[in-house]
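Engineer: Position in the sequence shown counted from 1, then plus 5, gives you my numbering.
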Amino acid sequence: MRYFIKLSHLKIENANAMSSPITIGFPAMTAWLGAVHFIERQLRACYKDISLKNLGISCHNLDLQTYKGDGDFIQFIAGTCNPLEQDGSRPSFIPAPRCHLDVSLIIEFNNIDIDSNTLIEKVKNIIYAMKIASGDVISLRDCNILLFDEDEDEDKSIKPIITALMPGNVLVDRSDLLKNAMNEVNKDSFDALGVILDYIKITSKSTECQESGNVIWSSQRKESGWIVPISIGFHGISNLGPAQEQRDQSVAHRFAESVITLGQFIMPYHIKHIDQILWTYDTDLTSNLYLCKNEFIK
């Protein structure tokens, strides 16, 4: 038996939409797993043996705070109107992309002897007092416990979880597309960013009908489905060591850069196995990688 905390229709405002230095949109997976890690640490004040292991996320709505005028080709970040300075001038600011979200989360936790109602109330209190992806939690429709029986037929056991995530789009990892494409690319002209752009670009072409002379336009992408670039972790680019004025002197410091790959938003009814939608931490110290891992394609 596996146990999940379901957070249904969690509405968040002004979440950080800059998932990496070069991608804007759905918040990075590190932000979501970071929120789960914070909830776990808060719960351990009461339940020292509790562990929140995996996370599944379904996006019901995303409102990216951008503006595009009539005839404009690009979109502009919609900033905030900050208070004026004492002399009446506008204060300096850094444009930060924001988004409003409506998501549902399922968080797997280990089986410990606790009262479900008490756990739910504590999770609710933590949720309303925290930020998620730097955004403010506005409302939470429902919070309860879901059970997944591994001994029963999986098609039957997974239905309540799929129902809890509908209607929405579940984010899964599609690094397999990136790996397959990179294996086909000439190593002398290897460009991982170019491969990602090949999957997200839309190619339009025209064909002229010989009989009528009309021009028909069509558009297509390299791969069907809602494929997007996502940030799934960090790659260390310096050695581990101490740093001046660091917050926690007991933890080694290192500089890191974002790891970007391809992800896909899919409808939950496409899921055949529960682990296909779950994300967890995965560390590879040999390669200096600190990643969020999902096994949609094993």
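C-beta atoms are modelled at their ideal positions from N, C-alpha and C, and glycine is treated no differently.
Between the Cα of tyrosine 286 and those of Thr71, Ser292, Tyr274, Gly238, spot the shortest distance and give me the residue it belongs to.
Structural biologist: Gly238
Engineer: So which of Ile163, Ile137, Glu90, Gly173 has the shortest CA-CA distance to lysine 277?
Structural biologist: The residue among Ile163, Ile137, Glu90, Gly173 with its C-alpha nearest the C-alpha of lysine 277 is Ile163.
Engineer: Taking three-plus beta-carbon pairs below 8 Å as touching, is the segment 106 to 119 in contact with the segment 9 to 16?
Structural biologist: yes
Engineer: Three or more beta-carbon pairs under 8 Å between the segment 37 to 45 and the segment 132 to 146, yes or no?
Structural biologist: yes
Engineer: Please name the residue in Ser224, Phe270, Glu228 whose C-alpha comes closest to that of serine 305.
Structural biologist: Past the edges of the chain, shown from 6 to 303, lies residue 305, and the structure says nothing about it.
Engineer: Going straight from the alpha carbon of aspartate 68 to that of methionine 6, what length do you get?
Structural biologist: 37 Å
Engineer: Take tyrosine 72 as the anchor and find which of Phe78, Ala83, His65, Ala22 has the nearest alpha-carbon.
Structural biologist: Ala83
Engineer: According to DSSP, what are the bridge partners of leucine 332?
Structural biologist: Residue numbering for the chain in the displayed model covers 6 to 303; residue 332 lies beyond these limits and cannot be assessed.
Engineer: Given 8 Å as the limit, is there contact between the segment 171 to 182 and the segment 224 to 236, that is, 3 or more CB pairs closer than that?
Structural biologist: Between the segment 171 to 182 and the segment 224 to 236 there are three or more inter-stretch CB-CB distances shorter than 8 Å, so the stretches are counted as touching.
Engineer: On the DSSP bridge list, what partners appear for glutamine 377?
Structural biologist: No information on residue 377 is available, as it lies outside the stretch 6 to 303 that the chain covers here.
Engineer: Let me check understanding here. Comparing Cα to Cα, which of Ile143, Thr208, Cys148 lies closest to valine 128?
Structural biologist: Cys148
Engineer: Just to confirm, is the Cβ distance from isoleucine 201 to leucine 294 under 8 Å?
Structural biologist: no
Engineer: I need the boundaries of the beta strand (DSSP E) containing phenylalanine 270, first residue and last residue.
Structural biologist: 261 to 271
Engineer: Measure the alpha-carbon distance for threonine 168 versus glycine 61 and round it to whole angstroms.
Structural biologist: Looking at the backbone, the Cα of threonine 168 and that of glycine 61 are separated by about 13 Å.
Engineer: Would alanine 257 be called buried (16 or more neighbouring beta carbons within 10 Å of its own) or exposed?
Structural biologist: Here alanine 257 is exposed. Its C-beta has fewer than 16 other C-beta atoms within 10 Å.
Engineer: Along the chain, where does the alpha helix (DSSP H) containing tyrosine 133 start, and where does it finish?
Structural biologist: 121 to 133
Engineer: For isoleucine 117, which residues from the same chain have a beta carbon less than 8 Å from its beta carbon, with the 5 sequence-adjacent residues on both sides left out?
Structural biologist: Tyr52, Asp54, Ile55
Engineer: Please identify the residue among Ile125, Leu57, Phe78, Pro172 whose C-alpha is closest to the C-alpha of asparagine 115.
Structural biologist: Per the Cα distances, Leu57.
Engineer: Exposed or buried, threonine 123, counting other C-beta atoms within 10 Å across all chains shown (16 or more means buried)?
Structural biologist: exposed
Engineer: Give every residue of the same chain whose Cβ lies closer than 6 Å to the Cβ of leucine 48, excluding the five residues on either side of it in the sequence, and list them in chain order.
Structural biologist: Ile55
Engineer: Is there contact between the segment 235 to 255 and the segment 197 to 215, where contact requires at least three CB pairs shorter than 8 Å?
Structural biologist: no
Engineer: Whole angstroms is fine: what's the gap from threonine 35's alpha carbon to valine 264's?
Structural biologist: 11 Å
Engineer: Report yes if the CB atom of asparagine 59 is closer than 8 Å to the CB atom of aspartate 107, and no otherwise.
Structural biologist: 8 Å or more divides the Cβ of asparagine 59 from the Cβ of aspartate 107.
Engineer: Given this structure, state the Cα-to-Cα distance separating serine 209 from aspartate 92, to the nearest angstrom.
Structural biologist: The straight-line gap from Cα to Cα measures roughly 52 Å.
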